[in-house]
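Protein chains in written order, with our numbering: chain F, 1 to 297; chain R, 1001 to 1298. Remarks on the structure that follows.
Below, the structure written as structure tokens:
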């Protein structure tokens, strides 16, 4: 007993300096890696910011640091191209699509979450599967449908707001239904059952109990649908006209007349701002959102 | 109440189903039909009368003697190489980042937010940024020349170099996706597991190999499959970086389909090509659908 105890007592004493060294070395390595990662992530972003503060003349000089902090780039960029129109269009289209997608999705997601019906699994599977379909596969037939309807009904769809909003529902709606149904499945059913016992109608239950409880989920579905529209280039390239062009496509115009890279970078930073803020706002839900609820963050 | 005998309120579902039918299911079926017709700019307004050519578009796209087959095979090769290589490069960066952010370091929450930045920046902004970096006289060449690793005048946006420019841009932008999922999985591992494994002598690399990796593997696998699908379907990055007449080395399938349909206005061929893209994507997609256990979350 005694010798064993002394051994136990001695071991840490002789091992401690070495272990402390190992621990320090590990901490140092961690901070080195941290520095590497932060540099890797921030370097391109800092580059963007530096270019944005150049003047149109100095940006081509090949010097990295701007000779002076030319903040006026952020004002000049509004008059070089019709940036204001593009920003307005992006907000209009993405907000409308997101609003339609999340509101429509709410009803369907409640039914999918709480009831069993024929083809329920097929329906849920199709929602997930639509997230893997290449966008261009859906754009092509949609374009053909739009052109045909235009021809038959003599209304403008390609190049109008309606056509592009509807197109953004192709990904926003299945995604929102899936996401919200996962959210509602996670809510306790007792409140609804209590409501039924008290003689409330289904509609009353949905409006007074489910809707308020689902509100956070609705916000997340709305944000993700908004970002789908805000970030899209494919549909906007084919389905918008100069008047309805969104920011994602419109930015190219900076390179057409003369390459105003400083203004392009400034406008790109502006375009990245809403997306970045919204993502950080729903950070907690990103993992759930991106994996179709198979993982909860 | 799944399993309840109450008749579901189908009325709540009807609007969504109607919309899905109009904007997703019907277009999918139409895409199959279009791929069997000779639909072009002359026949587009009367596609029901467009000549039905059965599998001609597919045959034309796959026939080695036809001039169209070259671009298609090239695109399949580029798409596969692009999506697999980027996923391979991303994996160590993402897993390393997740382990780092899961350990006790000073400023961890700020670090976590910074790590997300490349992913939350819209892809079109990312593409514009990297186009500038790889431009003649851009940052890439100056850094490479400064380190004596390359010439000042390397052209990155044309020829086979363009592929590596695109891979770099995509790796930078896409790794936080896998990182986020791995981090979420790491956070489910309690400290006790590590304490127990340390007593058993599994520390450092061995601890990762025999303790951490088995626990995060299902999540990591799912993340890698999803990331491969996303890369395969990425249209925005090559399109904004290289425009509608890209070098062969970056002419990925979605871009090829877009060019066939909307530049050359050969919609039938474009649809046939997009069907083939869907067929390839089906392999990881089925894995993804299985991994999410659609049938089990009752």
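C-beta: ideal position from N, C-alpha, C; glycine also.
By the DSSP assignment, the alpha helix (DSSP H) with residue i in it spans what residues?
i, result
"residue 1187/R", "Taken as a continuous stretch (DSSP letters only), residue 1187/R belongs to no alpha helix (DSSP H), as it is neither H nor E."
"residue 965/R", "The structure shown does not extend to residue 965/R, since chain R is modelled only from 1001 through 1298, so no value can be given for it."
"residue 96/F", "83-114"
"residue 1084/R", "1069-1102"
"residue 1206/R", "1204-1207"
"residue 266/F", "261-281"
"residue 151/F", "135-153"
"residue 244/F", "Note, residue 244/F: premise wrong, no alpha helix (DSSP H); not H, not E."
"residue 178/F", "161-185"
"residue 1234/R", "Segment: none, residue 1234/R is in no alpha helix (DSSP H) and carries neither H nor E."
"residue 219/F", "211-231"
"residue 1247/R", "Where residue 1247/R is concerned, there is no enclosing alpha helix (DSSP H), given that its DSSP letter is neither H nor E."
"residue 205/F", "202-205"
"residue 285/F", "Taken as a continuous stretch (DSSP letters only), residue 285/F belongs to no alpha helix (DSSP H), as it is neither H nor E."
"residue 1286/R", "1267-1291"
Check the Cβ of residue i against every Cβ in chain F and list those closer than 7 Å, keeping chain order.
i, result
"residue 1172/R", "44"
"residue 1019/R", "104, 169, 173"
"residue 1270/R", "140"
"residue 1210/R", "Per Cβ cutoff of 7 Å: no residues; residue 1210/R is ~19 Å from chain F at best."
"residue 1326/R", "No answer is possible for residue 1326/R: it lies beyond the span of chain R, which begins at 1001 and ends at 1298."
Taking residue i as the reference, which of the options has the closest Cα?
i, options, result
"residue 250/F", "1288/R, 1128/R, 1170/R, 1178/R", "1128/R"
"residue 1092/R", "1224/R, 1076/R, 1262/R", "1224/R"
"residue 1176/R", "1115/R, 1124/R, 1135/R, 1229/R", "1115/R"
"residue 1277/R", "1155/R, 1073/R, 1153/R", "1073/R"
"residue 128/F", "182/F, 97/F, 116/F, 146/F", "182/F"
"residue 1102/R", "1041/R, 1212/R, 1149/R", "1212/R"
"residue 1078/R", "1236/R, 1160/R, 1215/R", "1160/R"
"residue 1085/R", "1269/R, 1146/R, 1108/R, 1169/R", "1169/R"
"residue 164/F", "279/F, 125/F, 255/F, 138/F", "138/F"
"residue 1035/R", "1057/R, 1017/R, 1014/R", "1057/R"
"residue 260/F", "55/F, 42/F, 29/F", "55/F"
"residue 267/F", "26/F, 73/F, 35/F, 40/F", "73/F"
"residue 170/F", "77/F, 100/F, 107/F, 49/F", "100/F"
"residue 1009/R", "155/F, 38/F, 112/F, 17/F", "112/F"
"residue 218/F", "277/F, 175/F, 245/F, 253/F", "175/F"
Where residue i and residue j are concerned, what is the direct C-alpha to C-alpha distance, given to the nearest angstrom?
i, j, result
"residue 243/F", "residue 79/F", "16 Å"
"residue 1082/R", "residue 51/F", "29 Å"
"residue 75/F", "residue 262/F", "12 Å"
"residue 179/F", "residue 232/F", "20 Å"
"residue 1218/R", "residue 1174/R", "19 Å"
"residue 1119/R", "residue 228/F", "13 Å"
"residue 1274/R", "residue 1068/R", "14 Å"
"residue 226/F", "residue 103/F", "13 Å"
"residue 116/F", "residue 1209/R", "43 Å"
"residue 1155/R", "residue 1248/R", "15 Å"
"residue 81/F", "residue 247/F", "11 Å"
"residue 1284/R", "residue 90/F", "32 Å"
"residue 1271/R", "residue 1291/R", "29 Å"
"residue 9/F", "residue 27/F", "Only weak support exists for where residue 9/F lies, its pLDDT of 43 falling under 50; the value from the coordinates is given anyway. Their Cα atoms are separated by approximately 27 Å."
"residue 1258/R", "residue 1288/R", "26 Å"
"residue 105/F", "residue 1239/R", "31 Å"
"residue 1011/R", "residue 110/F", "11 Å"
"residue 1206/R", "residue 1214/R", "12 Å"
Could you tell me which chain R residues have their CB closer than 8 Å to the CB of residue i, listed as they occur along the chain?
i, result
"residue 111/F", "1008, 1009, 1010, 1012, 1013"
"residue 135/F", "1233, 1235, 1254"
"residue 202/F", "1009"
"residue 18/F", "Going along chain R, no residue has its Cβ under 8 Å from residue 18/F, so there is no contact; the nearest lies around 14 Å."
At 8 Å on the CB atoms, spell out the chain F contacts of residue i, in chain order.
i, result
"residue 954/R", "Residue numbering for chain R in the displayed model covers 1001 to 1298; residue 954/R lies beyond these limits and cannot be assessed."
"residue 1285/R", "129, 132"
"residue 1053/R", "Chain F residues near residue 1053/R: none, gap ~16 Å exceeds 8 Å."
Any C-beta of chain C sitting closer than 8 Å to the C-beta of residue i?
i, result
"residue 47/F", "In the displayed structure, chain C is absent; the protein chains listed are F and R."
Starting from the beta carbon of residue i, find every residue of chain F whose beta carbon is closer than 9 Å, and list them in chain order.
i, result
"residue 1277/R", "134, 136, 137"
"residue 1239/R", "233, 234, 237"
Going along chain R, which residues have a C-beta under 9 Å from residue i?
i, result
"residue 225/F", "Per Cβ cutoff of 9 Å: no residues; residue 225/F is ~13 Å from chain R at best."
Please compile the residues from chain R whose C-beta is within a distance smaller than 7 Å of the C-beta of residue i.
i, result
"residue 281/F", "What residue 281/F touches in chain R: nothing, since even the nearest Cβ is about 10 Å away."
"residue 272/F", "1121, 1122, 1125"
"residue 261/F", "1132"
"residue 41/F", "1114, 1115, 1117, 1118"
Is residue i near the ligand PLP - that is, is its Cβ less than 7 Å away from at least one heavy atom of it?
i, result
"residue 70/F", "In terms of ligand content, the structure shown is empty, and the ligand PLP therefore cannot be addressed."
Check distances from the C-beta atoms of the stretch 151-183 of chain F to those of chain R and list, in chain order, the residues that come in under 8 Å. If the cut-off is 8 Å between Cβ atoms, the stretch 151-183 of chain F has 151, 166, 167, 169, 170, 173, 174, 177, 182 near chain R.
Residues of the stretch 118-131 of chain F with Cβ closer than 7 Å to any Cβ of chain R, in chain order: Cβ contacts with chain R come from 121, 124, 125, 128, 129, 130.
Using Cβ-Cβ distances below 9 Å, what residues of the stretch 1104-1122 of chain R are close to chain F? Residues 1104, 1105, 1106, 1107, 1111, 1112, 1113, 1114, 1115, 1116, 1117, 1118, 1119, 1120, 1121, 1122.
Of the residues that make up the stretch 1121-1151 of chain R, which ones have a beta carbon closer than 8 Å to any beta carbon in chain F? Residues of the stretch 1121-1151 of chain R that bring their beta carbon within less than 8 Å of a beta carbon in chain F comprise 1121, 1122, 1123, 1124, 1125, 1128, 1129, 1130, 1132, 1133, 1137, 1139, 1142, in sequence order.
Pull out every residue of the stretch 56-78 of chain F whose Cβ sits closer than 7 Å to any Cβ of chain R, in chain order. Those would be 62, in chain order.
Using a beta-carbon distance cut-off of less than 9 Å, what residues from the stretch 229-243 of chain F approach chain R? Residues 230, 231, 232, 233, 234, 237, 238.
For the stretch 206-221 of chain F, list every residue whose C-beta sits within 8 Å of some C-beta in chain R, in sequence order. Listed by position along the chain: 206.
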